[in-house]
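Here is the structure we will look at.
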Amino acid sequence: MSAEKISRGLCGAIGNTPLMRLEKLSAATGCEILGKAEFLNPGGSVKDRAAIGIVDDAEKRGLLKPGGVIVEGTAGNTGIGLAMVGSTKGYRTVIVIPNTQAREKMALLQTLGAEVREVPPAPFPQPGNYNMVAKRVAEEIPGAFWANQFDNVANREMHYRTTGPEIWEQTGGRVTAFVAAVGTGGTLAGVSRFLKERRADVRTVCADPYGAAIWSWVKKGNLDDDEGDSITEGIGQNRITKNLEGAPIDDAYRIGDPVILEMMYFLLRHEGLYLGSSSAINACGAVKLARERGPGQVIVTVLADGGDRYRSKLYNPEWLAAQGLTPTAKGLEFLDQL
Ligand code: PMP
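So the sequence shown is numbered by this note's numbering: it starts at 2 and just counts up by one.
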């Protein structure tokens, strides 16, 4: 008789995602390239972990009480996680989101019952920045709690307590490297700290899009070089968030949109994986690391969310053509651009 394995509602179904070997990328590099399938979380992204981690922590601290309201500034995925977790726990959710984000994410947030407030993009810490707006909105609503995913370290703690240990177990302790793009930095910081405590020589790497400054921070020790731009969503950070402070990051790669898009379509057509652009930049980073450090590595990265969330943009041929980003590769020849 096998023991029953029943999750405690939606919250109990967050995490414990599969670790998938990306067969073609592994064969092409002589390394094991493994994707943590975070898109299989109930809310469809890695941010479900931050959502439940932050809400549980706020309840423990008495910051969120029965009938309370969760307020957050988010590019979408954290809001989706918070709205779902909020529903099961009886909290209303108010989401402040830049109006540049994919419509699918806004529609989904509304379907989930969140109140969605769109704001024009503005850099942090300007008052119009979506996070600053969220902070003010939370101050105005009685019983509201600002999740503050960027600077609330309950975010990285959740990855330290769950994602890191899962990766260690799933690879039987064989993992040699971890690669992830940075939004809040919770994933990279939490997982890196856990893995390095287990084995100090596990290599930890940030895969950064253009327009972000974490590459500059890791390579040059300053945030000065944030040139360029990117169509990626949910990643691209220009400051050291509280979640990033003290994170043991060994190296960083800067990866351009054309190769990210090629990888995204390669994963779709050859690995059967329908994913967002942050998963593709992560896979690019994993391959770059494999090529740099040579065969035999066990490289883990994050398949952060699914492609359906971006159908009107990343999976829309007209949109891609208008951006000049139509992928053309038949196989893996695009890796030479890495
Ligand atoms: N990928 C996607 C799709 C995301 O939504 C996010 C978070 N906004 C990330 C990656 C980055 O994760 P983190 O915030 O833990 O750095």
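All residues carry an ideal CB built from backbone N, CA and C; glycine is no exception.
The C-beta separation of Gly80 from Leu110 comes to about 5 Å, placing the pair in contact by the 8 Å criterion. Contact between the stretch 277 to 289 and the stretch 253 to 261 is present, with at least three C-beta pairs closer than 8 Å. In the structure shown, Ala213 falls within a coil segment according to DSSP collapsed to helix, strand and coil.
Inter-residue distance for Asn317 and Arg200 is about 43 Å (C-alpha atoms, whole angstroms).
By the Cβ-count criterion, Ser231 is buried, with 16 or more other Cβ atoms from all chains shown falling within 10 Å of its own Cβ. Contact annotation: Val301 and Phe179 have beta-carbon atoms nearer than 9 Å. Counting C-beta pairs with one atom in each stretch, the stretch 110 to 130 and the stretch 94 to 102 have three or more that are closer than 8 Å, which means they touch. Collapsing the DSSP output to three states places Thr30 in a helix.
Looking only at Thr89, Asn244 and Thr75, the smallest Cα-Cα distance to Lys136 is reached by Thr75. The way I'd put it, the stretch 189 to 206 does touch the stretch 158 to 166; three or more beta-carbon pairs between them come closer than 8 Å.
One thing to note: Arg294 has its Cβ no nearer than 9 Å to the Cβ of Leu339.
The bridge partners DSSP lists for Tyr254 are Ala208.
With respect to Thr205, Lys197 sits close: the two C-beta atoms are nearer than 9 Å.
The criterion of a C-beta distance shorter than 9 Å is not satisfied by Ala103 and Ala305.
Short of 7 Å from the beta carbon of Val120, and not among the five residues preceding or following it, lie these beta carbons of its own chain, in chain order: Val97, Pro99, Asn100, Gly129, Tyr131 and Val134. With contacts defined by Cβ atoms closer than 9 Å, Lys37 and Leu20 form a contacting pair.
Taking 8 Å as the cut-off, the C-beta of Lys66 does not count as close to any heavy atom of ligand 1. Annotation: Leu333 is outside any beta strand (DSSP E) and is labelled neither H nor E by DSSP. Distance from the CA atom of Lys289 to the CA atom of Ala248, rounded to whole angstroms, is 21 Å. Taking 8 Å as the upper bound for CB-CB distance, Ile34 and Val86 are not in contact here, some 31 Å apart.
In this structure, Arg50 and Thr163 form a Cβ contact; the two beta carbons are roughly 6 Å apart against a cut-off of 8 Å. DSSP places Ile71 in the strand class (E or B) of the three-state scheme.
Pairing Glu246 with Arg9, the inter-Cα distance amounts to about 33 Å.
In the DSSP assignment, the residues bridged to Trp147 are Val72.
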